[in-house]
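Inspection log for the structure reproduced underneath, given as structure tokens.
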Amino acid sequence: MHNFLLLWVKRLLMSLGALLLLATLLFIAGNLWVLATTAAYIEQEPQQCRPDEIGIVFGTSHWTRSGVRNPHFHARMRTAATLVKKAQVQHLLLSGDNRTQAYNEPRAMWRELYRRGVAPEQLTMDFAGFSTYDTLARARDVFQLDQALLITQSWHLPRAVYIGRALGMDVTGCVADDQAIGVERGLKLREWAARVATLGDLYIWGREPYFLGAPEPIALRQPGERQDPVELIEDVPVDLRMLSPDDRFTNP
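All letters in the sequence shown, in the order written, are residues -1 to 250 by my numbering.
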């Protein structure tokens, strides 16, 4: 009996070890696949980025949990404003989380870019960009984009570009890094895990965006051109008004 239990425990440990090894290999392979298949579509310097009509800026909080300015947020805004100033993009889609009335990433991006000299006519806000996947699915299906320049950090761009191209969009990436700021280890680990989860979203369980709504094609305008008042910044996002009061500010 004692020998039988030892044999059973040994086999169990060997099976668990094999599963752990397989999971580790899949984790590494998934990351390498995303990095390798997107490297050719990502430029490190803004002046080298492919000119495009629309740039998509991914939202993040403009403050860190410790209460200081988020360098990743400001690097994205600085890069996006530079691309507009140099006429490498004509219009910016600002997509982020608006989970509560007090937390509004697109609003913060709009204000910062306006402060940096980007005209309101060149800015469109997407209040339902709850995740990278949601941002790109909505860019395609709601804002009717089939091509765009993605603006975010170097550690985030491979996943964003991979999702966009998997959704059939012709997207390239423009790195928005602050060279003086390192990337925290926890953020790197989370991004590595997110890349693997993305493969599952796309090819296994068929993820759908949390909220779509009716199509709202982006109308390109020149600075100073008259803008429909409904498109200006408001307290309540236009496209989320169709949600029920219970769901309107819920994060999936």
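All C-beta atoms, glycine included, are put in the ideal place defined by N, C-alpha and C.
What residues in its chain sit with their C-beta under 8 Å from that of T58, if we drop five residues either side in the sequence? N68, H70, F71, R74, G94 and E103
Backbone secondary structure at T62 - three-state DSSP: coil
P49 and W86 - do their beta-carbons sit closer together than 8 Å? Just to set this straight, residue 86 is Gln in the shown sequence, not Trp. Cβ atoms of Q86 and P49: closer than 8 Å.
Could you check if T170 is buried or exposed, using at least 16 other CB atoms within 10 Å of its CB as the buried criterion? buried
What does the alpha-carbon distance come out to for the pair G14 and V7? The residue you asked about is not Gly; residue 14 is Leu in the sequence shown. Roughly 10 Å between the two C-alpha positions.
Using a threshold of 8 Å, state whether the C-beta atoms of Y160 and R205 are closer than that. no
Give a yes or no on contact between the stretch 181 to 200 and the stretch 41 to 56, applying the rule of three or more CB pairs nearer than 8 Å. no
Taking 8 Å as the cut-off, decide whether the C-beta atoms of T122 and I216 are in contact. yes
Which of helix, strand or coil DSSP assigns to L210: coil
Can you tell me whether Q145 is buried or exposed, with buried defined as 16 or more other CB within 10 angstroms of its CB? exposed
Between S152 and the rest of its own chain, which residues show a CB-CB distance below 6 Å, the 5 nearest in sequence each way excluded? V173 and D175
Between L30 and the rest of its own chain, which residues show a CB-CB distance below 8 Å, the 5 nearest in sequence each way excluded? none
At a cut-off of 7 Å, would you count N68 as near the ligand GTP, judging by its Cβ distance to the nearest heavy atom? Within the structure as shown, the ligand GTP is missing, as the structure has no ligands at all.
Under a three-way DSSP split, which group does I202 fall into? coil
With a threshold of 16 other CB atoms inside 10 Å of the CB of P207, please say whether the residue is buried or exposed. buried
Candidates F209, A16 and A34: which alpha carbon is nearest R97's? F209
Three-state secondary structure assigned by DSSP to S152: coil
Going along the chain, which residues of its own chain have a beta-carbon closer than 6 Å to the beta-carbon of T62, five neighbours each way excluded? N68
Looking at L200 and A158, is the spacing between their C-beta atoms short of 8 Å? no
Expressed to the nearest angstrom, what Euclidean distance is found between the alpha-carbon atoms of E51 and G65? 35 Å
For M107 and R9, I'd like the C-alpha separation in whole angstroms. 55 Å
Going straight from the alpha carbon of V140 to that of A212, what length do you get? 6 Å
Measure the alpha-carbon distance for A34 versus G180 and round it to whole angstroms. 23 Å
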